[in-house]
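Report on one structure; see the data block that follows.
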């Protein structure tokens, strides 16, 4: 009887081990995307099915949630992280992608910022906004860590989608956001992993939507690719060629939308030339 009981117990244990192994094999990493319209996929009409977060999840077979909101600033994201649904996903996330910071500038009276930058060469307001971004970003990471200190946090750099006279003021903003991200990484080693989206997208216009703000369908695929490369480096995935379950469809924006900003940039440039001319004359006579 003892031998029979031992045999039965051994068989039960063996099947139990197979059951545990089977469960482990089906458990998927949870991938959470947070941030603004870039992370939401506002440059494509079918954002839920074709944004870069969905591409990354489909490629590596992750469970996935995207809680990004178009127009959100770092202040908005801090408040978003208090939502119970977001907290629940934070607590189970293995990987968290964040895109945030661009709206800290875009929602801070862009016309005044462009005027100060292009006409006056004054970037003090850019510095003030960047300081606010840094303080908020520190709080964002602290909140995430309070719910989940084990997740890998991927922080994306901010790109510059503009051309012409608008490119310089936009670059002032992007440079300051990216410098703040680098500063945080230097002061808090191991807390975040920087994903250089800015370099990956570059200045090729086909990577950007008609609104000249958000990544196009191709841009989303490029972002997915650079994230997949980083995840392979971190041993969170082995697939680096994006799996496109549904091709992204670029938004179509009336030319008048982008033309107005472009005209503002051109106008400010003309004013800067006139302003510089009179400043030069005054300096000449004062000497």
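In my numbering, the protein residues as written are 62 to 348. Every residue, glycine too, gets a C-beta built ideally from N, C-alpha and C.
Out of 199, 219, 147 and 259, the CA that lies nearest to the CA of residue 208 is found in 147. Proximity to residue 134 across 175, 92, 306 and 198 peaks at 198, based on C-alpha coordinates. Excluding five sequence positions before and after residue 142, the CB atoms of its chain that fall closer than 6 Å to its own CB belong to 204, given in chain order. Exposed is the label assigned to residue 225, since fewer than 16 other Cβ atoms lie within 10 Å of its Cβ. In the DSSP assignment, residue 195 falls outside any beta strand (DSSP E) and lies within the alpha helix (DSSP H) extending over 185 to 208. Judged by pairs of C-beta atoms under 8 Å, the stretch 105 to 117 touches the stretch 294 to 310, as three or more such pairs exist. Residue pairing by DSSP places residue 91 opposite 124 in a beta bridge. If you check the CB distance, residue 153 and residue 122 do not come in under 8 Å. Between residue 170 and the set 158, 258 and 230, the nearest pair of CA atoms involves 230. Here the alpha carbon of residue 192 sits roughly 36 Å from the alpha carbon of residue 310.
DSSP, read as helix, strand or coil, puts residue 220 in coil. In the three-state scheme derived from DSSP, where H, G and I count as helix and E and B as strand, residue 303 is classed as coil. Taking all protein chains in view, the Cβ of residue 250 is surrounded by fewer than 16 other Cβ atoms within 10 Å, so the residue is classified as exposed.
The residues 105, 309 and 311, in chain order, have a CB closer than 6 Å to that of residue 278 in the same chain once the five nearest residues on each side in sequence are set aside.
Rounded to whole angstroms, the Cβ separation of residue 283 and residue 259 is 11 Å, and the two are not in contact under 8 Å.
Residue 97 sits buried, since 16 or more C-beta atoms from the chains shown fall within 10 Å of its C-beta. Taking one beta carbon from each stretch, the stretch 235 to 250 and the stretch 263 to 271 have fewer than 3 pairs nearer than 8 Å; the two do not touch. Taking residue 126 as the centre and dropping the five residues before and after it, the same chain places the C-beta of 93 and 150 closer than 6 Å to its C-beta, in chain order. The beta carbon of residue 298 is closer than 6 Å to those of 121 and 292 in its chain, skipping five residues each way along the sequence. A Cβ-Cβ contact shorter than 8 Å links residue 217 with residue 160. Partner residues in the beta bridge of residue 156, as assigned by DSSP, are 92 and 213. Non-local beta-carbon contacts of residue 286 in its own chain, meaning distances under 6 Å to residues more than five positions away in sequence, involve 303 in chain order. Between residue 132 and residue 164, the CB-CB gap stays under 8 Å. Here DSSP, grouped into helix, strand and coil, assigns residue 267 to helix.
The three-state secondary structure of residue 253, taken from DSSP, is coil. Judged by DSSP secondary structure, residue 287 falls within the alpha helix (DSSP H) whose first and last residues are 278 to 294. Nearest neighbour of residue 221 by Cα position, chosen from 190, 280 and 116, turns out to be 280.
At the C-beta level, residue 212 and residue 155 come within 8 Å of one another. In this structure, the straight-line span from the alpha carbon of residue 274 to that of residue 223 is close to 7 Å. In this structure, the beta-carbon distance from residue 201 to residue 157 does not fall below 8 Å.
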